Amino acid sequence: MIKRWKMKKSLGIYIHIPFCVRKCAYCDFCSFPRAGEHTKGAYAQEISRRIADASREAREYRVDTVYFGGGTPSLMSARDVERMLGEIFRGFDVDGGAEITLECNPATADRAYFEAIRRMGVNRLSMGLQSASDKELKLLGRIHTAEDFIRTFGDARRAGFDNISADLMYGIPEQTQESLKSSIDTLVGLSPEHISAYGLMIEEGTDFYRRRHTLDVADDDEQYEMYMLCTHRLAEAGYKKYEISNFSRDGKRSRHNTRYWLGEEYLGFGVAAHSYFGGRRYGNSRDMEAFLRGEDITEESYVLDSAERLREYVMLRLRLAEGIDTLEYERIAGKGFFEAFPTVRQWISAGLMKQSGEHVSFTDRGFFVSNAILSEMLDFE
Ligand code: SF4
32 MIKRWKMKKS LGIYIHIPFC VRKCAYCDFC SFPRAGEHTK GAYAQEISRR IADASREARE
92 YRVDTVYFGG GTPSLMSARD VERMLGEIFR GFDVDGGAEI TLECNPATAD RAYFEAIRRM
152 GVNRLSMGLQ SASDKELKLL GRIHTAEDFI RTFGDARRAG FDNISADLMY GIPEQTQESL
212 KSSIDTLVGL SPEHISAYGL MIEEGTDFYR RRHTLDVADD DEQYEMYMLC THRLAEAGYK
272 KYEISNFSRD GKRSRHNTRY WLGEEYLGFG VAAHSYFGGR RYGNSRDMEA FLRGEDITEE
332 SYVLDSAERL REYVMLRLRL AEGIDTLEYE RIAGKGFFEA FPTVRQWISA GLMKQSGEHV
392 SFTDRGFFVS NAILSEMLDF E
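Be aware that the sequence shown starts at 32, since it is given in this note's numbering, and climbs by one per residue.
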């Protein structure tokens, strides 16, 4: 008898670890400072239980990316990481070449820790540097110095990690072009495979928000200069921008994050985690106590209609340097891209977007103002 081979669908798994040593001044992520070992252990156990439950609904999927994000996942003991990862391997069909990333902060992990998690299958790290100026790090409320980052990065390399991403920040209060340049150079000197560069946003509810009137932050023009400085200096060092804030060496894009921009499916576990699975998007609340009691903490759940799916497709694809494939758009939408978005021609003339063959994308200048352009474009539809 000939057995029919069915191709499995691709799936990503995101695990939110909401623990940090202390809260940074700009942070509005879901993270709880100073959690004890008991809470962290209970959290890992509850995550594992939910992974086991969810895996029964995902038999026709193969997992090819796993991402431990936070918070500070490296505050979880190696045993707790093993418990969660082990449950993923037990419950899901995990591809042999899966990308498995763990975010870590400097001074929260050492070589022995990295060796332990690498043995379990973690093969990519994402580290928060933000700045190589200790003065700026202090202002941001980070727990580490630049020296801590360099040491932790070296420990990760010595433990065998050959795929490391690092985060940089621009627009930090009191940051100058010179200090940003020196942060970029310090980072490039370490030669990570991937770099994310984010502009500081002052979000409500943060310490920076409360002090916003007294902070010396860059205005839009200065932020733009800084964004271009990152773009050019990283390009010179061999890092290609493939998404509005992400740069990588060849073949080292974040496969997990690319999944979000391509609208592929993923399951999120933990407080404040989001999922996109079976056509439905849903998100968890930040209620840690209810989560630990085993309650359903889904707070939003919806299926996008076809018009919303299309808007989301345009928004996400335009985050990528390749931009939109207009032929693909026409196939999906049943309408030409320029017909649906006539203002795009004006953005192209203004040098904010460009067309290359069938693809339309933002220019570097356009990326910087892409939020405003997208809201105008998508309201037009
Ligand atoms: S380490 Fe990251 S998640 Fe934790 S408080 Fe700082 S910015 Fe927020």
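Where a beta carbon is used, it is the ideal one built from N, C-alpha and C, also for glycine.
Small disclaimer: the values here were computed from a predicted structure and weren't measured.
Counting along the chain, where does the beta strand (DSSP E) carrying residue i start and finish?
i, result
"residue 230", "225-230"
"residue 158", "155-161"
"residue 251", "Not the beta strand (DSSP E): residue 251 falls in the alpha helix (DSSP H), residues 251-267."
"residue 200", "195-201"
Where do the N-terminal and C-terminal ends of the alpha helix (DSSP H) with residue i fall, by residue?
i, result
"residue 347", "337-348"
"residue 208", "208-221"
"residue 69", "68-86"
"residue 61", "Careful: residue 61 lies outside any alpha helix (DSSP H) and carries neither H nor E."
"residue 185", "177-189"
"residue 239", "238-241"
"residue 408", "401-411"
"residue 321", "319-323"
"residue 122", "109-122"
"residue 286", "286-292"
"residue 360", "357-364"
"residue 95", "Segment 92-101 is the beta strand (DSSP E) holding residue 95; no alpha helix (DSSP H) there."
Closer than 6 Å by C-beta to residue i: which residues in its own chain qualify, once you throw out the five before and the five after it? Chain order, please.
i, result
"residue 233", "239, 240, 243"
"residue 258", "399"
"residue 137", "175, 179, 180, 183"
"residue 227", "198, 276, 277"
Return yes when the C-beta of residue i is under 7 Å from any heavy atom of the ligand SF4, and no when it is not.
i, result
"residue 164", "no"
"residue 399", "no"
"residue 135", "no"
"residue 392", "no"
"residue 63", "no"
"residue 183", "no"
"residue 101", "yes"
"residue 159", "yes"
"residue 58", "yes"
"residue 261", "no"
"residue 71", "no"
"residue 169", "no"
"residue 54", "yes"
Spatial neighbours of residue i within its chain, please: C-beta separation below 7 Å, excluding the five flanking residues on both sides.
i, result
"residue 214", "162, 163, 164, 199"
"residue 72", "111"
"residue 219", "268"
"residue 332", "311, 313"
"residue 378", "384, 397, 404"
Roughly how many angstroms separate the alpha carbons of residue i and residue j, rounded to a whole number?
i, j, result
"residue 323", "residue 376", "52 Å"
"residue 154", "residue 56", "30 Å"
"residue 229", "residue 277", "9 Å"
"residue 385", "residue 353", "10 Å"
"residue 304", "residue 311", "14 Å"
"residue 193", "residue 382", "38 Å"
"residue 362", "residue 368", "10 Å"
"residue 282", "residue 125", "21 Å"
"residue 360", "residue 344", "9 Å"
"residue 406", "residue 150", "45 Å"
"residue 403", "residue 83", "42 Å"
"residue 211", "residue 172", "18 Å"
"residue 231", "residue 246", "12 Å"
"residue 61", "residue 297", "19 Å"
"residue 263", "residue 272", "10 Å"
"residue 397", "residue 289", "20 Å"
"residue 393", "residue 251", "18 Å"
"residue 53", "residue 365", "51 Å"
"residue 335", "residue 185", "45 Å"
"residue 88", "residue 357", "35 Å"
"residue 142", "residue 327", "37 Å"
"residue 253", "residue 93", "45 Å"
"residue 248", "residue 207", "10 Å"
"residue 395", "residue 325", "46 Å"
"residue 106", "residue 139", "6 Å"
"residue 255", "residue 66", "38 Å"
"residue 121", "residue 380", "54 Å"
Excluding the 5 residues flanking residue i on each side, which residues of the same chain have their C-beta closer than 8 Å to its C-beta?
i, result
"residue 411", "With a pLDDT of 47 at residue 411, under the threshold of 50, the modelled position of this residue cannot be trusted; read the value that follows with caution. Answer for residue 411: 372, 373, 374, listed in chain order."
"residue 224", "193, 194, 195, 196, 279, 280, 283"
Check the Cβ-Cβ distances between residue i and every residue of chain D, and say whether any is below 8 Å.
i, result
"residue 142", "No chain D appears in this structure, which consists of one protein chain only."
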